[in-house]
Amino acid sequence: MNPSLKLTLLILIALEVSFIQVWSVNVALIVVSLLLMLFNHVSWRRLLWLTLVPLFFASALVWSLMLRGDASTHFLIVIFTRMFVYVYMGGWFTLTTKPLWLTRSLEQNAKLPSKFAYGFLAAFNLMPKIQAEVATVRAAALMRGEVLHVWSPRLYFKVILAAMNWSDQLAAAMTSHGFVEGAPRTHALTVPLLARDWWIFGISLLLVQVGLFVGLP
Amino acid sequence: MKRWHIRDIILVTIIAIFMGVIFWAIGPVYTILAAALAPAGLQPLANELLLGIWVMAGPLAGFVIRIPGAATLGELLGAVVEMFLGGIWGASTLISGTLQGFGSELGFILTGYKRYGWFTLVLSALTTTIVTFIWDLFRSGYAAYHLPFLLLLFCVRFLSVFIFGGVLTKLINNLLVRAHVLKD
């Protein structure tokens, strides 16, 4: 399925499920996401992890709602299953979508300005460098007997300085290679947006609407 | 008003990636805290205590890159990174991220992107708290809690957002101003 449409579908369903309380639709979404993940050969360990995490949080949340609130059993079931819908659908999306392909699709199909698409890609390719930079900043501080925590302003300060440097250099490099903001571009690889994608998108969304508004528990 | 250029887009993305890695790294801390508080039915409190860290990308990006939309984009991209790294909220991370970013953006919108000091930070912390709390009333079923507990959750959330999104952001900003990379 086309990544942009897939993302839109994911967000729309997650949003609807957050506001409407129908647990049978939640269960159906869980089953469908699980089947889609199995179909795409997601490893068992991954699936186990995707199950244990929401199991713990959903149970803890339901327990607090029982102790500190006056929610009905129906509402508790909805909240419990909702957690799984989020995690399973998120798992289905992230495990079957490549970020590079998604960005390309957003640029070509969703008309995201190319400066954003290429800006994101340029920065995402720096991911290992960013992680290395954090390690370097911490090690450098340790050599002076200073421990940097998540709440130390100095850690953020140093990383932001490095980030400013890199973004200047990358932007200059892209400009010198002929990248012009807002100029029309051709694409070496095109992401297809087929009629089939629209059909899957429309039918899935329609099915969810029917489930939500037909009066199921 | 300033417009987005490729340099700013790369900068906001790098900051978001950095914050996304931090969001993801405190996941286990949250799990342990939630497990410790869960038997007493206080699991949501773990969420409230740490929320400030998760919403920090917004005000930080808004302060460093003073362009409309910076806070929203920073937080949203942080959420994307967290989701792809395998964060614990799955698909709802994207919606939460957008709302958290928009919440802190509101603080900057209300001051017209002109004032970058304490006032804006406190305002931004307040709008973030309100917007994200309304979202949790629905998403996490907060509306079903008794009122005193709900008020406690709200106050703890505001304090957390204020400390991380407000005080810590201001301290980072001060260092950047002293290094002459940002204007006061």
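For the protein sequence lines, the chains are Y and S, in the order given. The numbering used here applies: residue 8 is where the first sequence begins, and numbers increase by one. The numbering used here applies: residue 998 is where the second sequence begins, and numbers increase by one. C-beta atoms are modelled at their ideal positions from N, C-alpha and C, and glycine is treated no differently. Everything numeric in this text was worked out from a predicted model, so none of it was measured.
Residue pairing of G76 (chain Y) in beta bridges, as defined by DSSP: S:Y1142. With a threshold of 8 angstroms between beta carbons, Q216 (chain Y) makes no contact with chain S. V166 (chain Y) sits close to V141 (chain Y), with the two beta carbons spaced by under 8 angstroms. Residues of chain S whose Cβ lies closer than 9 angstroms to the Cβ of F220 (chain Y) do not exist; the shortest such Cβ separation is about 18 angstroms. Residue S:K1111 holds the alpha-carbon nearest to the alpha-carbon of F1060 (chain S) among S:K1111, S:I1003, S:P1041, S:Q1097. Counted as a single uninterrupted DSSP element, the stretch harbouring F1159 (chain S) is not any alpha helix (DSSP H), since DSSP gives it neither H nor E.
A distance below 8 angstroms separates the beta carbons of S1101 (chain S) and P1056 (chain S). Each residue's CA atom was taken as its position, placing L1156 (chain S) and G1049 (chain S) some 8 angstroms apart. Contacts with chain Y at 8 angstroms (Cβ-Cβ) do not include Y1113 (chain S). DSSP, reduced to helix, strand and coil, places E153 (chain Y) outside both helices and strands of the structure shown, so it counts as coil. Three or more pairs of CB atoms, one per stretch, sit closer than 8 angstroms, so the segment 85 to 99 of chain Y contacts the segment 61 to 76 of chain Y. Nearest neighbour of Q216 (chain Y) by Cα position, chosen from Y:L14, Y:S11, Y:N33, Y:M8, turns out to be Y:N33. The closest CA to that of G189 (chain Y), considering only Y:I18, Y:W108, Y:G152, Y:F123, is found on Y:F123. Annotation: G185 (chain Y) has no Cβ neighbours in chain S at a cutoff of 9 angstroms; minimum Cβ distance is about 13 angstroms.
I86 (chain Y) is positioned such that its CB atom lies closer than 8 angstroms to that of L72 (chain Y).
Three or more pairs of CB atoms, one per stretch, sit closer than 8 angstroms, so the segment 1015 to 1023 of chain S contacts the segment 126 to 144 of chain Y. For N1171 (chain S), the enclosing alpha helix (DSSP H) starts and ends at 1166 to 1175. Look at V1178 (chain S) here: in three-state DSSP terms it is coil, with no helix or strand label.
Looking at S:G1114, S:I1160, S:F1099, S:W1021, the one whose alpha-carbon comes closest to that of F1130 (chain S) is S:F1099. Per DSSP, P1025 (chain S) is one residue of the alpha helix (DSSP H) stretching across 1024 to 1034. Counting along the chain, no alpha helix (DSSP H) covers N9 (chain Y), and no H or E run does either.
Within the same chain, and ignoring the five residues on either side of S1121 (chain S) in sequence, the residues whose Cβ sits closer than 6 angstroms to its Cβ are P1056, S1101, G1104. Around the beta carbon of L1008 (chain S), 16 or more other beta carbons sit within 10 angstroms, so the residue counts as buried.
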